[in-house]
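These notes concern the structure reproduced below.
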Amino acid sequence: MENKTKYWKGLEELNREPGFVQANKNEFAEGLPLDEVFSESTMSLSSNRRDFLKYFGFSVSAVALAACNTAPIKNVIPYVTKPEEVTPGIPNWYATAYEGQPILVKTREGRPIKIEGNDKGFTGGGVDAAGHASMLSLYDSERLDAPMKDGKASDWKTVDKDITDKLTKIAAAGGAIRIVTGSVNSPSMLSAIAEFTAKYPTTQHVQYDAVSYSGILNANKMCFGKAVIPSYKFDKAKVIVSFEADFLGTWISPTEFTYQWSKNRRLLNGEKEISRHYQFEATLSLTGSNADVRMPIKPSKQGEYVVALYNAVAKLAGVDAIASGAKELGGNSIGNAAADLWKNKGNCVVVCGSNDHYTQCVVNGINLMLGNYGTTIDLDNYSKQYTATDDTFEKFVDELNNGTVKAVIMHGINPAYTYYNAKKFEAGIKKAELSVSAAYSIDETAKLCQYLTPDNHYLESWSDNETKAGYFAFTQPTIQRVFDTRQVLESVLVWAGNNTAAYDYIKNNWQTKMFGLQSKYTSFSQMWNESIQNGVFEMAALTATAVTSAANMGEMASKIAKGAADAELEFVAYESSALRDGRDANNPWLQELPDPISKVTWDNFASLSKYNADLIKVKEGDTVNVTVGSVKFENVPVIIQPGQARNTIAIALGYGRKEGGKVAKEAAGVDVFPARSYKNDAVTNVTSTGVKLEKASNRYELARTQTHHSIEGRDLVKETSLPAYQRDPRSGNHDHHGLIRDPKKNGQFYTLWEEHDNKGHKWGMAIDLNACTGCGSCIVSCNAENNVPVVGRDEVRRRREMHWIRIDRYYRFSPTTPNPEDKQLGAGFTKAGDLGIGETDGYLDHPEMYDHVSVSHVPMMCQHCGHAPCETVCPVLATTHSNEGLNQMTYNRCIGTKYCANNCPYKVRRFNWFRYNDNNKFDYYMNNDLGKMVINPDVTVRTRGVMEKCSFCIQRIQYGKLQAKLQNRKLKDGDVKMACQQSCASGAIVFGDLKDPESEISRLYRNERAYHMLDELNVQPAVVYMTQVRNTQEIGAAHTTKTEKKAEHEHAH
Amino acid sequence: MVHTSTLKRLLILPLALGIFATTPILAQDVAEGEKLFNENCTSCHVIDGAKSVGPNLRDVTKRRKEDWLLKWIKNSPAMIASGDPVAVKLYEENNKANMTEFGFLSDNQIKSILKYVESAPVATAAAAPAEGGTSTSTEAASSTSAPKSDGFYSSTTLIILLVLALVLLIMGVLLSRVQVMMKKMLAAKFPEEEELNQPSWYDSKFTPWVKNLNPTIAVLVLVLIVGVVGGGAYFKYANEEIGVQQGYTPAQPIPFDHSLHAGEYKMDCQFCHSTASISKQASVPSLNTCMNCHKSVDASAKYNGEVSPHIQTIRDAYKNNTPIKWVRIHNLPDHAYFNHAQHVSVGKLECQTCHGPIETMKKVEQFASLQMGWCVNCHREAKVDVENNDYYEQLHKDLKGMGRKGLTVAMNGGLECGKCHY
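Chains as they are written, first to last, in our numbering: chain R, 24 to 1076; chain P, 83 to 504.
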């Protein structure tokens, strides 16, 4: 087995490092902490007679005393006047919007407990991890509960009076007033700001995004005369080429793009084609991990690659190439991409994550040549999610510092943390006569302000968000205000002398301004009520038109900075898909969500290529010092990231918070915002000069979940290439385990156990590996639904994370043929590339192979085996089989032997090593009354010493069944949806009743791509996986057969 | 030697205590019977005196066989329908009024009632009839009737009594020792006084008896007694601690009378507990529900023209927008999921099946133990009505094909852990 690993989760597994091998012999990383307990002098394993008598005496008297107590009195407190729509025990659903994305919120007895996607919205019913977790921020015990003045608690009356007085004085004296916010797309908010400006005419509205899209906005202004981010339609694109744009993870609208992208990756209904996705990027992003062809490139060379692609497409189009002076790059990859794009012109898209508008202009040029405007790129119904450009904020900071700005009102931003030159901002804000922050909690910026006028949580607010031009998502409150906070819209209005409530203001705004713009409704109240109920309102969409560019591509290309030398180190600050710019850093759900690629929780880290790690002789567990210009980051833990471009270092933004709450500070990490710089009217994440890397003396253990469960070289992922799939849909999924089939039992495998008698229902799940992007939204959704506790960094290090669903990420040396340039990197690469599917033992000598890996994301939860190995070993029958095919876990029976976890081939059972609620050691949301409001009342909060695992959301099954019974009807397919399933924007998870032959799940079970994980064990899981089909060139088929033969061979032994 | 003998003498104490503590246990049947009788029977029956709705019950166990009685009490209409001659005769004699079916009472409970009827003292004056007088002044009745059945058994009382007995016994022993010592001193002073030199009962009988006890057996007996008493107390404590509170009858902020609302006025349970048929919770009605009637109903007739103070409490609370903190009687542990809608709407159970004869309760008590065994037993017996709910269509078809009939909840997975615990 040693060197035959086909898929691997981490380098330690690939290299069979002794520590890893040793650690994985045990089911649990550590034994019981008995030594710890008994090390105290009073405790010893041998108790003597006196001890016995002492304990005996104590317990007898304790019992006698306790017996005097009567049972505690519990009260039941009904409403005085019951609201008509609230029924205790029945959830209410409200449509609202999270950052402009339509969502549904489930409330019980007036408190929100779960966020789900709104399938009427453009996200197709998906929600991302941050969206799910945003609910927990509502119950953040550290949020501001009342206004503050000069760091002391105050009240609204005082604060309002002070602010209005000062504003009036400043405005009268002609002093500049600035309202500084994040991107605002709410027409009502904009109208409120306009009212404010009318009252104080020296006011200007400045928008600022920590990670802005200035490059695209400016480029579109130069090319098409409008500074907008277009709507992208990845579902219409048969070929996608992305330069550093992590559109499935962080770029513009990832949930929407995941929904679109996955539509073109489906092979479930006899489709024969899927999209082909090229990704050129420096560090392995979520999007890159899902690409068919991925090329690691240095970020400074991005511009040259874009020009190279332009020229390659121009050649095919017969258009003049642009002189760039750059040597032709990319070889096969660029050539192939250009050919594919040209073949699908009008049905493809090229996107770029650069913030350099010259590069973006050339990207526009490519898309123009390909005729993508009007089809996959829509400039008419454009996105309004990000509207801020960096130059305005740059100007604002200068004005602050030269003292022209006298009053600043901030909302939704934290420049003291996110601005690249935070010191300059800090110095400036101190010069302002009035500084107000409508912060949600005390963050770095709020600390500097005189007045804090805390904003409501969005689940307590009214708002209208014009997410896209003509597309409105409404935010409506789902809970009464928890604290004495005020929605910022109202604050702005109050200071403008208007005391209208937010709801009335917005409604009035719609009645007077928006109603006239549409023609769908004739009655306003009907339009208003339906829009609020649906959560969205769409104006008639404009017909997307083709456009021409005003910008000269040659001129643009000539301005693109030349790439740095190959040997020059470069630094990239990137957004992690969970924490983004760090605004949710105080959210423990997001901190404990493993990064989709590195599987690191609670930390950021320096991502290095194997090549660079070898150069300075660091291993994982070591730390490095990274110098970026004048900024030095010390003792940053190292991750050796397969797929990382050589001579690049990447560290995630959003960590290293100095304020913002206990969890944010606990997560710590390094703050790399200062490593960014302002160039070409935009803040760039990339630094190409003056980057130094050296080994540091410290060691640091990251809390990383990736190799917590060894795969022991088993065949868990099945994949094939599109051509092979087209020839044979079953390709990559042929039986190869040589188990003996029982001719008497319909060709089933021989089994020791009796078949279960499933009456009524038999639940099953299907997971499409082709659709799953590995984003992790399902994990947070599951946490919220099933009261899964947060355990903290230390416990994750001990492999004690409690997540019921995890996403296993497997690497595989890329079987795709890399471009010739890379081929030259090491002799024997071609061979190694061929052998990338695992039969090599030469990879250790070829570090260049680490540059090209392909990635599989495999969601893993309890497989609800028909012949479950866990059930047979439980000595107390705490885990049993239901007649609906569920593997049930009964916490109150469980005595914590952990036999079941040992016997589970999928390693999905999680043990409660501690009581995670009301425990100061785990001071997260379950340790305070406010935080506990998020707990789902239908699911038990587990206590110490019991095993737990995915229950197939049995509370949802029971609820669905009950609704059917109450309505006297059959259970319909789709009535019961799992928490993971409903959160999935790509629809990778399908759940249903296998007894219903017409159900979606039954259909998927019959699909040729369906396979059971570890089929050879014949545990008869209720979960099927659909093979991963990569749209790569002709590879795969031959290899697959080879591997399968090999595997068969292994099994035979 | 002195030490041993003292120890042996001390053995007597727990023995005495043990006997003391077991006495009420023996009386439990009758006490339970009395309680059940008062709850269920008194609206129609008296034991002696003027005939109520049904026949007097004095010597009923002599008139009829126990088997017959059990059958009759559980379902009298069925017996009448089956043509049982005695049953038919009784029916005729009592103005053709059907006796309520007490199917929810167990055999043992009925036997306890019968035992109580046998042992009930001959009533003096009109005590018994007043009990059944739900139609008479209910307020007055509530102060005189409803024996504090839980009083004696409440652990606090028991513990206090035990401690008291212990103190008294110790005092008794001490006093007798003082007396003996005094005697001995006197005897030493006046050796010639024969009367004083007579050995006492204590010295001549008790001390030698104790000395002759086998120490092993004595210790074993001691351990046994301590075990029984302590174990009993612990069992009771543990039972309460795990939430078994059968018979729990807490005082409520308003002495709401179910026997008046649900019994006399025959209001449907779901008129107030309106969510029982649709939701997990049956829910205690909100104040505005009370105010639907009590806006105008003020029971002033019973209070010399004044508004009833309890109704006034409701009105005040409503006016001041302060909810009433009722004491929760039925407390399921957090790890057990129970859904009213499933049982009320789908299972079509009567509220009384689990909550007992609520319509006769002046003060609501926890009728069932709410233990898992109690749930499971019902799941074993209750039938699933697969025919009249389309949800079961497929299951019904399958079962018909298999020729099976009478599907119980248990057969449909109703005993699986995951049905109630998740």
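Just so it is clear, CB atoms sit at the ideal spot from N, CA and C, and this is done for glycine as well.
- A Cβ-Cβ distance of about 7 Å is found for the pair Gly-908 (chain R) and His-779 (chain R), placing them in contact under the 8 Å criterion.
- Close CB contacts of Ser-1006 (chain R) within its chain, under the 6 Å cut and outside five residues either way in sequence, are with Val-150, Ser-800, Cys-801, Ser-804 (chain order).
- Around the beta-carbon of Thr-913 (chain R), 16 or more other beta-carbon atoms lie within 10 Å, marking it buried.
- Residues of the stretch 987 to 1001 of chain R with a C-beta less than 9 Å from any C-beta of chain P: Ala-987, Lys-988, Leu-989, Gln-990, Asn-991, Arg-992, Lys-993, Leu-994, listed in chain order.
- Neighbours of Ile-360 (chain P) in chain R, taken as residues at a C-beta separation under 8 Å, are given in chain order as Thr-110, Ile-113, Leu-989.
- The way I'd put it, the stretch 413 to 423 of chain R does touch the stretch 440 to 454 of chain R; three or more beta-carbon pairs between them come closer than 8 Å.
- Chain-ordered listing is empty here: chain P has no CB closer than 8 Å to the CB of Lys-137 (chain R), the nearest sitting near 16 Å.
- Taking Arg-699 (chain R) as the centre and dropping the five residues before and after it, the same chain places the C-beta of Tyr-443, Ala-596, Val-706, Thr-707, Asn-708 closer than 7 Å to its C-beta, in chain order.
- Fewer than three Cβ pairs drawn from the stretch 479 to 492 of chain P and the stretch 443 to 456 of chain P lie within less than 8 Å of each other, which leaves the two stretches out of contact.
- Nearest in C-alpha terms to Thr-650 (chain R), of all of R:Glu-717, R:Gly-198, R:Asp-637, is R:Glu-717.
- Contacts between Ser-382 (chain P) and chain R, judged by CB atoms closer than 9 Å, are missing: the closest CB pair is about 24 Å apart.
- Contact check for Met-392 (chain R) against Ala-331 (chain R) fails: the beta carbons are separated by 9 Å or more.
- Excluding five sequence positions before and after Leu-161 (chain R), the CB atoms of its chain that fall closer than 6 Å to its own CB belong to His-480, Leu-482, given in chain order.
- Between Gly-783 (chain R) and chain P, the shortest Cβ-Cβ separation is below 9 Å.
- For Phe-934 (chain R), the secondary structure class from DSSP, reduced to helix, strand or coil, is strand.
- In its chain, beyond the 5 residues on either side, Ala-789, Leu-1027, Val-1047, Met-1049 have a beta carbon closer than 7 Å to the beta carbon of Ala-1033 (chain R).
- When P:Phe-420, P:Leu-240, P:Asp-189, P:Asp-111 are compared, the shortest CA-CA separation from Tyr-319 (chain P) is found for P:Leu-240.
- With the rule of 3 Cβ pairs closer than 8 Å, the stretch 346 to 356 of chain P does not count as touching the stretch 461 to 475 of chain P.
- According to the DSSP assignment, Leu-196 (chain P) belongs to the alpha helix (DSSP H) that extends over 189 to 201.
- Distances from the alpha-carbon of Trp-625 (chain R) to those of R:Pro-322, R:Ile-639, R:Asn-609 put R:Asn-609 closest.
- Cα atoms of Lys-972 (chain R) and Gly-205 (chain R): separation of roughly 40 Å, rounded to the nearest angstrom.
- Chain order gives the chain P residues near Ile-977 (chain R) as Gly-500, Tyr-504, where near means a beta carbon separation below 7 Å.
- Beta-bridge partners of Met-1049 (chain R) (DSSP): R:Asp-791, R:Ala-1033.
- If you ignore the 5 residues before and after Tyr-405 (chain R), its C-beta comes within less than 7 Å of the C-beta of Val-251, Ile-252, Pro-253, Ser-254, Lys-491, Ala-492, all in its own chain and listed in chain order.
- Counting every other CB atom within 10 Å of its CB across the protein chains shown gives Lys-446 (chain R) a total below 16, marking it as exposed.
- An exposed status is given to Lys-97 (chain R), since fewer than 16 other beta-carbon atoms sit within 10 Å of its beta-carbon.
- Per DSSP, reduced to three states, the secondary structure at Thr-278 (chain R) is helical.
- Between Asn-38 (chain R) and Gly-238 (chain R), the gap from beta carbon to beta carbon reaches 9 Å or more.
- Under the DSSP assignment, Trp-116 (chain R) falls in the beta strand (DSSP E) whose first and last residues are 115 to 121.
- Contact annotation: Ile-529 (chain R) and Ser-211 (chain R) have beta-carbon atoms nearer than 9 Å.
- With the criterion set as a beta carbon lying under 8 Å from some beta carbon of chain P, the stretch 709 to 733 of chain R has no members that meet it.
- For the set R:Tyr-282, R:Ser-356, R:Phe-280, the Cα lying nearest the Cα of Arg-317 (chain R) is the one of R:Ser-356.
- DSSP places Trp-291 (chain P) in the helix class (H, G or I) of the three-state scheme.
- Measuring C-alpha to C-alpha distances from Tyr-678 (chain R) to each of R:Pro-697, R:Ile-662, R:Ile-663 identifies R:Pro-697 as the nearest.
- Using a Cβ-Cβ cut-off of 7 Å, Val-99 (chain R) is close to Val-366, Trp-408, Arg-410 of chain P, given in chain order.
- The three-state reading of DSSP puts Pro-253 (chain R) in strand, counting E and B together.
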